[in-house]
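The sequence shown begins at 122 in my numbering and counts up by one.
Think of the CB as a built atom: it goes at the ideal place given N, C-alpha and C, for glycine as much as any other residue.
No experiment lies behind these values; they were computed from the predicted model shown.
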Amino acid sequence: MHAKLDTARVFERIFKIYGDQFTLLIPTALVLFIPVAVLNGLVWTSGGLLAYALSSLIAAIATYWYQGMVVEAVRDILDGRRDQTIGGLFSSAAPFVWPLLGAGILAGIGVAIGLVLLIVPGLFLLTIWAVIVPAIVIDRVGVLDSFGRSRALVRGNGWQVFGVIVVLFLVQLVVGGIIKGIAGAASDDSFAGYAIGDLIARVLIVPLSAIAATVMYVELRRLKGEPLAEDVGAPAGPLPPQESPPAATQPPPDVQPPVESPPGTRPPERPAG
């Protein structure tokens, strides 16, 4: 029987990384999600289909870009190599902005249609596409290939991955509701209250889902016996020194080797004195 994803280990690593890298993850999320919070506040107060579509698009860009940055940070942390910086995270994810955006739009459309038509297909797609972002950033696969790559990794551990998603969704629902309620009650301006609440909720919660995707990706690869991307093609260590073969011994020039006699004959006698 194949080993299954250890969800307890996954959550342990998620919250440990979240706590250890809090001062890195939160400021980075703050930079990305301020425009999203402002737009969501405008949509909340004014409404309108166009404003909602624009807000959703910018939120998708920010969320998937942020997840791509967190993938690089978490991979380094799990490998014990180095700590990232805010500038380093932005530059490391810059080459993947468009693939991440494309994957995010396609995944969002697919999951939304599945949830609207029938809830189960939407949840199924949400599960098998759980590690799309790490597949793009670490495996360097294209947008369409990332969907198949994610499904292949999740196969055999669907219920475990779904369990992680459900727990994180409940955490997001409870914490987000509390924060938005407090922010709205503390502010007379509905726009400011909603925008501040939305910003705080995203900044605190989005890092958890981003970390979870990378941790599950790494664990699923190891369960399937695959080397991590950074190990592929790594140069081998130095070869042990090889001993040179012993040189052939040559007789001294003034000494002639003995001449063997043919079988059945006596060797010649040396002359006396």
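Given residue i as reference, the closest of the options once Cα atoms are compared
i	options	result
residue 300	278, 323, 287, 179	323
residue 135	244, 228, 334, 250	334
residue 297	224, 276, 329	329
residue 275	192, 261, 256, 289	256
residue 214	162, 188, 266	188
residue 266	147, 252, 321, 279	252
residue 126	288, 277, 287	277
residue 313	248, 262, 155, 143	155
residue 259	342, 140, 283, 143	342
residue 193	291, 346, 339, 344	339
residue 207	143, 234, 269, 261	143
residue 268	280, 285, 245	245
residue 242	283, 270, 211, 210	283
residue 249	318, 234, 270, 261	270
residue 319	124, 161, 132, 129	161
residue 227	211, 181, 209	181
residue 132	288, 234, 294	288
residue 345	163, 145, 273, 280	273
residue 302	128, 286, 321	321
residue 212	186, 295, 234, 229	186
residue 130	141, 281, 290, 294	281
residue 124	291, 292, 290, 279	279
Integer-rounded CB distance, given that residue j should sit under 8 angstroms from residue i
i	j	result
residue 159	residue 316	6 angstroms
residue 184	residue 225	7 angstroms
residue 195	residue 336	7 angstroms
residue 332	residue 191	6 angstroms
residue 395	residue 264	Here the chain covers residues 122 to 394 and nothing more, so residue 395 does not appear.
residue 247	residue 237	About 13 angstroms separates the two Cβ atoms, so there is no contact after all.
residue 149	residue 210	6 angstroms
residue 138	residue 157	Residue 138 to residue 157, Cβ: 23 angstroms. No contact.
residue 285	residue 128	6 angstroms
Enclosing alpha helix (DSSP H) for residue i [first to last residue]
i	result
residue 208	207 to 214
residue 217	No alpha helix (DSSP H) contains residue 217, which DSSP labels as neither H nor E.
residue 246	240 to 249
residue 129	128 to 141
Inside the region 257 to 342 only - alpha helix (DSSP H) runs reaching at least 4 residues: For secondary structure counted as the alpha helix (DSSP H) over 4 or more consecutive residues, the region 257 to 342 holds these complete runs in sequence order: 264 to 275, 279 to 307.
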